[in-house]
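First comes the structure, then the notes that go with it.
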Amino acid sequence: MKVLVIPDVHLKPWMFRQAADFMRTGKAERAVCLMDIPDDWGREYDIELYEKTYDEAIRFATEFSDTAWCYGNHDLSYFWHCLESGYSPMASETVQKKLLELRRTVPEDNPICYVQKIDNVLFSHGGVLDYFVEEYVAKSKYHDVDAVIEEINKLGRTEMWNDMSPIWLRPQRSGIRLYKPRKLLQVVGHTPMDEITREKNLISSDVFSTYRDGRPIGTQEFLLLDTETWEYAGIKSDILHKE
Numbered sequence: 001m002k003v004l005v006i007p008d009v010h011l012k013p014w015m016f017r018q019a020a021d022f023m024r025t026g027k028a029e030r031a032v033c034l035m036d037i038p039d040d041w042g043r044e045y046d047i048e049l050y051e052k053t054y055d056e057a058i059r060f061a062t063e064f065s066d067t068a069w070c071y072g073n074h075d076l077s078y079f080w081h082c083l084e085s086g087y088s089p090m091a092s093e094t095v096q097k098k099l100l101e102l103r104r105t106v107p108e109d110n111p112i113c114y115v116q117k118i119d120n121v122l123f124s125h126g127g128v129l130d131y132f133v134e135e136y137v138a139k140s141k142y143h144d145v146d147a148v149i150e151e152i153n154k155l156g157r158t159e160m161w162n163d164m165s166p167i168w169l170r171p172q173r174s175g176i177r178l179y180k181p182r183k184l185l186q187v188v189g190h191t192p193m194d195e196i197t198r199e200k201n202l203i204s205s206d207v208f209s210t211y212r213d214g215r216p217i218g219t220q221e222f223l224l225l226d227t228e229t230w231e232y233a234g235i236k237s238d239i240l241h242k243e
């Protein structure tokens, strides 16, 4: 299956409009969003931008109902009242309200999760660490990938709000062993990259993040991935949707 990956959004509503253009023209059969929808440099008081960005996400979820959504740490910080860098107390009520609206928009049989699986590819905001699976999933289920994902998606704030979890992990660091590296490819956002990069069984796709002054860090390309062959490419929109 060809999948279009929408990485960390951080108050860029035009990303959803560009992604929708690609979906409508048949570039991919399904989309995956790695979320981190709220928060960006110097935007703590721009409540209208928070609303616009979530509204675009909700429109996208309505039109492409089979999209797989993966919670990011910035999304859950508002839901769990966990302060972190970029958290906007002024936008807290807006984010909570809009995130609940997004949750109601997606189908009940395709809810927002920490980890999503398509074929032998795992999608999550930060990555599924082997140690995390060993810590929180029964040994009897370790080799059943679907059971592992189901168990992880049941976890709450206590287990997830730490550097090893699928919403916080930075697997690009040396010495990190991901879950079942010979069997599974993992696609993550969370860590800003200069370009879409594959290292062994890990694809890092956060290329829309910016420096504090607004300059882009990465290439601002969407990852287009074949989940069966693991072939991938970066695609960039020719249509300017930026505000």
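The sequence shown: position 234 = 234 (the UniProt record's numbering), numbered continuously. Glycine residues also receive a C-beta, built at the ideal position from the N, C-alpha and C atoms.
Item: Quick one: any contact between the region 79-95 and the region 123-135, if contact means 3 or more CB pairs under 8 angstroms?; Value: no
Item: In angstroms with no decimal places, state the Cα-to-Cα distance between W41 and S140.; Value: 44 angstroms
Item: Spell out the partners DSSP gives P216 in its beta bridges.; Value: T210
Item: If I measure Cβ to Cβ from I47 and keep anything under 8 angstroms in the same chain, skipping five residues before and after, which residues do I get?; Value: M90, A91, T94
Item: In its own chain, which residues sit with a C-beta less than 8 angstroms from the C-beta of E159, not counting the 5 before and 5 after it?; Value: Y136, S165
Item: When burial is assigned at 16 or more other CB atoms within 10 Å of the CB, is S209 buried or exposed?; Value: buried
Item: So, for F64: in the same chain, excluding its five sequence neighbours on each side, which residues have a beta-carbon less than 7 angstroms away from its beta-carbon?; Value: M23, A31
Item: Can you tell me whether Y171 is buried or exposed, with buried defined as 16 or more other CB within 10 angstroms of its CB?; Value: Per the sequence shown, the amino acid found at residue 171 is Pro instead of Tyr. Result: buried.
Item: Quick one: using the 10 Å Cβ neighbour count with 16 as the cut-off for buried, is G218 buried or exposed?; Value: buried
Item: Going by DSSP, what residue range makes up the beta strand (DSSP E) through R198?; Value: 197-199
Item: Looking at the secondary structure, which residues open and close the beta strand (DSSP E) in which R182 lies?; Value: R182 -> no beta strand (DSSP E), and no H or E assigned at all.
Item: Identify every run of the alpha helix (DSSP H) within the region 103-150, keeping only runs that are complete inside it and at least 4 residues long; order them along the chain.; Value: 130-136
Item: Within the continuous beta strand (DSSP E) that includes A31, where are the two ends?; Value: 30-33
Item: Where are the alpha helix (DSSP H) runs, 4 residues long or more, that stay fully inside the region 14-88, in chain order?; Value: 14-24, 47-63, 73-79
Item: For the beta strand (DSSP E) holding A233, just list the boundary residues, first then last.; Value: 232-235
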